[in-house]
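To start, the structure under review is shown below, and the notes come after it.
Numbering (the numbering used here), first residue to last: 391 to 619.
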């Protein structure tokens, strides 16, 4: 078994299995640890508002963009040709990648420079934040290859990556497809897959229980108690 087959044919399924099974086991055994371990009260409210919002909006949009752009024919349904598709994907990726990077660096500085936050946090919090920031940075660096290719009208690399990921999602992996792909894409993919492997062992599990119902729940009405006369 060569390294390419191991990393891009076998490893995705190892990471995916640990991601799903590990999340279920942790929820079953450690429900009280199923939290984001928020430390917002230990920092400036204004600072945290910007850092947290930039980070979460950027990360969530990048996840959605990777899923829609690489795993669904959504752009084909809208009548986009491959060049237009990739321009939209790259523009969105760069924009939200930069937003997430700014938010992530703000959170990292706060965690490193604020002794109260450091004391309240865990080593795994810092580790996963650093891992995500490096993954983001690698994703932004891939654009140094993607954008010049786009200007030249070449989307071959993106079509190969999309085909490879669809093969992984349908349990028909073809890791040999990646043989001619630039190394930076492969490193970014490895970091991304490893993020799923690390997921159940970190605070990232709180993503499973995002309270979306808060967006549609009715306003709470608070009535002051009237004094009896």
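Idealized CB from N, CA, C, for every residue including glycine.
Since we're looking at a predicted model, the values are computed, not measured.
Given that a residue counts as buried once 16 or more other Cβ atoms are within 10 Å of its Cβ, and exposed if not, what is residue i?
i	result
residue 558	buried
residue 505	exposed
residue 586	buried
residue 403	exposed
residue 396	exposed
residue 522	buried
residue 393	exposed
residue 400	exposed
residue 593	buried
residue 462	exposed
residue 569	exposed
residue 561	exposed
residue 525	buried
residue 452	buried
residue 595	buried
residue 579	buried
So what's residue i in DSSP terms, helix, strand or just coil?
i	result
residue 504	coil
residue 590	helix
residue 561	coil
residue 599	helix
residue 468	coil
residue 463	coil
residue 431	With a pLDDT of only 45 at residue 431, under the threshold of 50, the placement of this residue in the model should not be trusted; the figure read from the coordinates follows. Three-state DSSP puts residue 431 in a helix.
residue 550	helix
residue 577	helix
residue 458	helix
residue 394	helix
residue 443	helix
residue 545	coil
residue 404	helix
Check whether the Cβ atoms of residue i and residue j lie closer than 7 Å to each other.
i	j	result
residue 565	residue 409	no
residue 497	residue 441	yes
residue 629	residue 555	Any property of residue 629 remains undetermined from this structure, which presents the chain solely from 391 to 619.
residue 528	residue 577	yes
residue 492	residue 444	yes
residue 531	residue 488	no
residue 449	residue 509	no
residue 572	residue 536	no
residue 563	residue 413	no
residue 583	residue 405	yes
Just to confirm the assignment, what range does the alpha helix (DSSP H) spanning residue i have?
i	result
residue 567	Counting along the chain, residue 567 falls outside any alpha helix (DSSP H), and DSSP gives it neither H nor E.
residue 537	513-541
residue 420	No alpha helix (DSSP H) holds residue 420; DSSP gives it neither H nor E.
Cβ contact check for the segment 501-515 and the segment 476-492: 3 or more pairs under 8 Å
no
Do the segment 540-551 and the segment 462-479 make contact, defined as three or more Cβ pairs closer than 8 Å?
yes
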